[in-house]
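Taking it in order: structure first as structure tokens, then the write-up.
Residue numbers (the working numbering): 1089 to 1292.
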């Protein structure tokens, strides 16, 4: 009996690492205006000096789409059209962009949004619960999209073709990513409105 209980606890133990409530409370407690402004500065700097610079490695002057990741969904033909007008070197740069630079970008903007939501909802943290972790959903689907786009690009380099199912999956991840992004902005807007209302009520 005791052996079975120990085995059960061993199986559950790894999931205790994913203590979302604890992570949520950590950000509520540690997040402040200084941290938010600092992460925003890092976000802007990374966007201007890293993302734009690395993105230039696969940019085509007459192309309507600089990166598939900025599109709200796409299909197999869109992916082929995007890759067909780029050289092998440019596609290789695009693969590196998705596997390295955009992954780091996701981590930066994810932390920035989590901190800002945590700051805005800190007075309501008991009621808001884990809402401050919603921005990380965008990061997860962004990373999944990056993985699929890198996979499609490698496949195109290998045989000039791409998988329709992988293209559809990448598109689904892209749509969900932008949906999560919209939800994050709704949370931030709501948090700002609630903060202004609290300030006005305190003055009265």
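Positions of the beta carbon are idealized from the N, C-alpha and C atoms, including for glycine.
My assumption, with CB atoms under 8 Å, is that residue i sits in contact with residue j. Please give the rounded CB distance.
{"i": "residue 1141", "j": "residue 1181", "result": "Not a contact, Cβ separation roughly 11 Å."}
{"i": "residue 1196", "j": "residue 1134", "result": "6 Å"}
{"i": "residue 1261", "j": "residue 1229", "result": "5 Å"}
{"i": "residue 1179", "j": "residue 1244", "result": "7 Å"}
{"i": "residue 1161", "j": "residue 1227", "result": "Wrong, their Cβ atoms sit about 19 Å apart, outside the cutoff."}
{"i": "residue 1272", "j": "residue 1222", "result": "6 Å"}
{"i": "residue 1205", "j": "residue 1219", "result": "7 Å"}
Can you grab the Cα-Cα spacing for the pair residue i / residue j, in whole Å?
{"i": "residue 1154", "j": "residue 1198", "result": "22 Å"}
{"i": "residue 1242", "j": "residue 1187", "result": "12 Å"}
{"i": "residue 1209", "j": "residue 1269", "result": "18 Å"}
{"i": "residue 1276", "j": "residue 1248", "result": "43 Å"}
{"i": "residue 1286", "j": "residue 1212", "result": "11 Å"}
{"i": "residue 1118", "j": "residue 1177", "result": "43 Å"}
{"i": "residue 1255", "j": "residue 1238", "result": "11 Å"}
{"i": "residue 1120", "j": "residue 1112", "result": "14 Å"}
{"i": "residue 1291", "j": "residue 1284", "result": "11 Å"}
{"i": "residue 1108", "j": "residue 1129", "result": "27 Å"}
{"i": "residue 1194", "j": "residue 1288", "result": "35 Å"}
{"i": "residue 1171", "j": "residue 1257", "result": "17 Å"}
{"i": "residue 1192", "j": "residue 1251", "result": "26 Å"}
{"i": "residue 1138", "j": "residue 1159", "result": "20 Å"}
{"i": "residue 1207", "j": "residue 1165", "result": "43 Å"}
{"i": "residue 1149", "j": "residue 1123", "result": "38 Å"}
{"i": "residue 1126", "j": "residue 1132", "result": "10 Å"}
{"i": "residue 1278", "j": "residue 1246", "result": "48 Å"}
Buried or exposed: which applies to residue i, given that a residue is buried once 16 or more other Cβ atoms fall within 10 Å of its Cβ?
{"i": "residue 1163", "result": "exposed"}
{"i": "residue 1201", "result": "buried"}
{"i": "residue 1110", "result": "exposed"}
{"i": "residue 1101", "result": "In this predicted model, residue 1101 has a pLDDT of only 46, less than 50, meaning its place in the structure is not dependable; the value taken from the coordinates is given anyway. Exposed, by the Cβ-count rule."}
{"i": "residue 1115", "result": "buried"}
{"i": "residue 1156", "result": "buried"}
{"i": "residue 1167", "result": "buried"}
{"i": "residue 1136", "result": "exposed"}
Ranges of the alpha helix (DSSP H) found wholly within the region 1142-1204, counting only runs of at least 4:
For the alpha helix (DSSP H) assignment, the uninterrupted runs of no fewer than 4 residues enclosed by the region 1142-1204 are, from N- to C-terminal side, 1164-1172, 1176-1184.
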